[in-house]
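Undergrad: If you scroll down you'll find the structure; I have some questions about it.
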Amino acid sequence: MTTQVVRSVATDVVAGLLGAGFNGAIRLPGEAEYDVQRRSVIPTVDSRPMVIAEAYCRTDVQAAVRTAREYGLPIAVQATGHGTRVPADGGILLKTTPMTSVLIDPERRIAKVAPGARWGAVIDAAGQFGLAPLSGSSRDVGVTGYTLGGGVGWLARKYGFAADSVIRAEVVTADGRFVTAGAEHHPDLFWAIRGGTGNFGIVTSLEFRLYPVRHVHAGIVYYGIDRAADILRRYREWTTTIPNELSTAVVLTKIDGRRAVAIKVMYAGEAEVAEHLLKPLFEVAGPRLAGELRTIEYGEAAMGGTPAKHLDFLDVLRDDVIDAVTRFPDDDAPTVEIRHWGGAMAHPGPGAGPVGHRGATYSLIIDREMPDLPNSGRTFVNFLADPGRAETAYAPEDLRRLGEVKRAYDPTNFFHLNANIRP
Ligand SMILES: Cc1cc2nc3c(=O)[nH]c(=O)nc-3n(C[C@H](O)[C@H](O)[C@H](O)COP(=O)(O)OP(=O)(O)OC[C@H]3O[C@@H](n4cnc5c(N)ncnc54)[C@H](O)[C@@H]3O)c2cc1C
17 MTTQVVRSVA TDVVAGLLGA GFNGAIRLPG EAEYDVQRRS VIPTVDSRPM
67 VIAEAYCRTD VQAAVRTARE YGLPIAVQAT GHGTRVPADG GILLKTTPMT
117 SVLIDPERRI AKVAPGARWG AVIDAAGQFG LAPLSGSSRD VGVTGYTLGG
167 GVGWLARKYG FAADSVIRAE VVTADGRFVT AGAEHHPDLF WAIRGGTGNF
217 GIVTSLEFRL YPVRHVHAGI VYYGIDRAAD ILRRYREWTT TIPNELSTAV
267 VLTKIDGRRA VAIKVMYAGE AEVAEHLLKP LFEVAGPRLA GELRTIEYGE
317 AAMGGTPAKH LDFLDVLRDD VIDAVTRFPD DDAPTVEIRH WGGAMAHPGP
367 GAGPVGHRGA TYSLIIDREM PDLPNSGRTF VNFLADPGRA ETAYAPEDLR
417 RLGEVKRAYD PTNFFHLNAN IRP
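For the sequence shown, our numbering assigns the number 17 to the initial residue and increments by one for each residue that follows.
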């Protein structure tokens with residue numbers, strides 16, 4: 017298509033949006049704000065949508081869906097860009113960023129958020145009532161995208177995946193309908209969105225449970241890299257003995273330019289108990305190089321993450337894996353994060369959504385591709401670097417059922433600019 021034709025289609029699409037009742041801002045190529053709004057946090061994604069539509073309310077979302085259908089355009093939804101891995105080239109990029117409302121019901125311990133809300137806003141609002149959401153490693157990540165992809169946070173061993181705490185969602189479906197999904201309404205859709213990501217519709221509101229966690233004993237402590245193998249061997253025994261209130265990860269990383277072993281800790285309880293539980297692990301770690309654990313408000317804990325170029329789940333932490341991840345020469349070592357899963361993640365209530373591989377004991381994340389490392393092929397959709405591998409994030413039976421729900425709610429795969437599940 018020539019530039020002129022593209023411009024005239026874009027003008028038609030804008031007219032279509034306005035005609036359908038779209039009230040938000042509309043950005044076209046060439047405008048400065050277009051380049052701001054099309055950005056993903058992931059630097060390799062260079063999205064060139066035909067039109068960017070910034071939704072201010074649910075009816076804007078409906079108008080965008082109906083217009084995309086009418087003009088046969090692909091549509092992508094983006095709140096923060098933290099998980100945008102598929103460009104919306106030539107389509108409509110629907111931004112939910114302006115829809116940031118967060119409502120807390122402290123009596124029922126429930127939050128209701130609009131689709132542009134970030135975790136930081138929920139943590140702050142819920143914290144005023146001594147409550148915490150099941151947020152993850154970053155305050156900036158969007159609540160909705162995170163939760164629809166399962167959502168694993170530092171309270172997950174105690175309270176489960178964020179998706180398991182969802183009680184209701186409002187969704188605009190592929191045909192532009194507005195539906196409420198919950199245990200009693202559209203239960204199949206409700207099941208699918210709690211782990212199946214944005215494949216089934218655009219969520220315009222999410223309600224989920226909060227938990228009575230005001231303070232945690234948490235932090236990151238650093239030890240010498242020469243203790244890495246001993247720490248990991250102790251870690252695999254020690255993690256079989258600890259309660260679900262304690263979440264940890266061992267990270268082979270750098271501090272002040274030197275390689276080191278970081279141990280990340282969050283304990284939802286008293287400092288003395290945490291220190292007692294951690295003793296056997298710290299015992300083999302040698303002298304502490306840096307860092308401390310402190311009793312702080314939940315919202316203050318900054319646990320950080322590791323970009324997942326290599327991602328796998330491990331049921332046991334085998335010697336050959338420990339050897340493989342600890343043997344890099346100092347000047348060429350990737351960051352390796354081994355995190356303890358299990359607890360409530362492995363034991364969801366009845367009717368829980370399709371979050372996959374719940375039984376895994378550890379995740380192994382490396383910030384570099386590692387084709388030589390044995391790999392079970394199991395992944396977690398929120399940490400998936402390649403959105404074309406969505407099926408690896410689910411158990412076969414759940415994948416089959418996700419396909420059925422997709423056929424029922426989106427038979428033409430209208431929502432495909434994502435970690436796609438085909439109808
Ligand atoms: C720094 C960082 C830290 C992270 N930490 C964690 C962590 O601790 N635990 C964890 O589980 N994940 C974590 N993630 C992964 C993150 O949860 C996913 O990338 C998630 O998709 C981000 O959602 P978003 O809305 O912020 O991103 P966006 O890029 O705005 O959206 C990503 C995708 O989510 C879907 N989506 C977003 N909004 C909607 C909606 N309203 N309706 C339907 N679908 C929607 C769409 O498929 C969209 O393509 C982290 C990512 C980063 C970059």
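We put the beta carbon where it would ideally sit given N, CA and C, even for glycine.
(1) Report yes or no: do three or more beta-carbon pairs, one from the stretch 418–438 and one from the stretch 215–226, lie closer than 8 Å?
(2) Between TYR185 and VAL219, which are expected to be in contact by the criterion C-beta below 8 Å, what is the C-beta distance as a whole number of angstroms?
(3) Ends of the beta strand (DSSP E) at GLN94?
(4) For the candidate residues GLY198, ARG334, ILE209, whose alpha-carbon lies nearest to that of ARG249?
(5) Which runs of the alpha helix (DSSP H) at least 4 residues long sit entirely within the stretch 387–439? Give them in chain order.
(6) Distance, Cα to Cα, GLY106 vs GLY240?
(7) Specify whether the stretch 112–130 and the stretch 54–69 touch according to this definition: at least 3 beta carbon pairs, one from each stretch, less than 8 Å apart.
(8) With distances taken between CB atoms, is the gap from TYR410 to PRO370 smaller than 7 Å?
(9) Tell me VAL281's beta-bridge partners as DSSP assigns them.
(10) At what residues does the beta strand (DSSP E) containing ALA197 begin and finish?
(11) For PRO131, is the classification buried or exposed, using 16 other Cβ atoms within 10 angstroms of its Cβ as the cut-off for buried?
(12) Measure the CB-CB distance between TYR378 and LEU330 and report whether it falls below 7 Å.
(13) Using a Cβ-based criterion (distance less than 6 Å to any ligand heavy atom), does PRO131 qualify as near ligand 1?
(14) Which same chain residues end up closer than 6 Å to GLU308 when comparing Cβ atoms and leaving out the 5 residues on each side of it in sequence?
(15) Let's test the definition: count the other Cβ atoms within 10 Å of the Cβ of PRO149 and tell me whether it reaches 16, buried, or not, exposed.
(16) Can you tell me whether LEU34 is buried or exposed? The criterion is at least 16 other CB atoms within 10 Å of its CB, across all chains shown.
(17) Can you tell me whether DSSP reads ARG310 as helix, strand or coil?
(18) If I'm right that GLY152 touches VAL138 with Cβ under 8 Å, what's the distance once you round it to whole angstroms?
(19) Just to confirm the assignment, what range does the alpha helix (DSSP H) spanning LEU171 have?
(20) Short check: CB of LEU415 to CB of VAL102, under 7 Å?
(21) Here's a check: name, in chain order, each residue in its chain whose Cβ is nearer than 7 Å to the Cβ of THR408, leaving out the five neighbours to either side.
(22) Taking 6 Å as the cut-off, is the C-beta of TYR162 nearer than that to any heavy atom in ligand 1?
(23) Quick one: residues in its chain with C-beta nearer than 6 Å to the C-beta of ALA447, no 5 flanking neighbours on either side, listed in chain order?
(24) Below 7 Å CB to CB, which residues in the same chain sit around ALA142 once its five sequence neighbours on both sides are set aside?
(25) What is the C-beta distance between LEU294 and TYR251, in whole angstroms, given that I count them as a contact (C-beta under 8 Å)?
(26) Determine the burial state of SER181: buried for a count of at least 16 other Cβ atoms within 10 Å of its Cβ, exposed for fewer.
(27) Contact check, GLY359 vs ARG173 under 8 Å by CB: the rounded distance?
(28) Distance check for ALA208 and ARG230, CA to CA, integer angstroms please.
(29) Are the beta-carbon atoms belonging to VAL81 and GLY192 less than 7 Å from one another?
(30) Would you report the Cα separation of ASP242 and VAL266, rounded to the nearest angstrom?
(31) For ALA340 and chain B, any beta-carbon pair shorter than 7 Å?
(32) Is ILE381 close to ligand 1? I mean its beta-carbon at under 6 Å from any heavy atom of the ligand.
(33) Would you mind listing the beta strand (DSSP E) stretches within the stretch 291–341 that are 3+ residues and don't spill past its ends, in chain order?
(34) With DSSP as the reference, please indicate the residues paired to ASP121 in a beta bridge.
TA: Taking the geometry as given:
(1) yes
(2) The amino acid occupying residue 185 in the given sequence is Ala; Tyr does not appear at that position. Going by Cβ atoms, the distance from ALA185 to VAL219 rounds to 5 Å, so yes, they are a contact pair.
(3) 91–94
(4) Considering only GLY198, ARG334, ILE209, the residue with the shortest C-alpha distance to ARG249 is ARG334.
(5) 412–425
(6) 51 Å
(7) no
(8) Against a cut-off of 7 Å, the Cβ pair of PRO370 and TYR410 comes out as a contact.
(9) GLY235, THR264
(10) 194–198
(11) Under this definition PRO131 is a buried residue.
(12) yes
(13) yes
(14) The residues GLY235, in chain order, have a CB closer than 6 Å to that of GLU308 in the same chain once the five nearest residues on each side in sequence are set aside.
(15) buried
(16) exposed
(17) strand
(18) About 12 Å; that fails the 8 Å criterion.
(19) Per DSSP, LEU171 belongs to no alpha helix (DSSP H) and is neither H nor E.
(20) no
(21) So the qualifying residues of the chain are GLY393, ARG394, THR395.
(22) yes
(23) Examination of residue 447 is not possible in this model, given that the chain is present from 17 through 439 alone.
(24) ILE120, ALA127, ALA148, PRO149, LEU226
(25) With a Cβ gap of about 11 Å, LEU294 and TYR251 do not count as contacting.
(26) buried
(27) 3 Å
(28) 31 Å
(29) yes
(30) ASP242 and VAL266: Cα-Cα distance of roughly 14 Å.
(31) Of the protein chains in this structure there is only one, and it is not chain B.
(32) no
(33) 304–313, 326–330
(34) In DSSP, ASP121 forms a bridge with ILE126.
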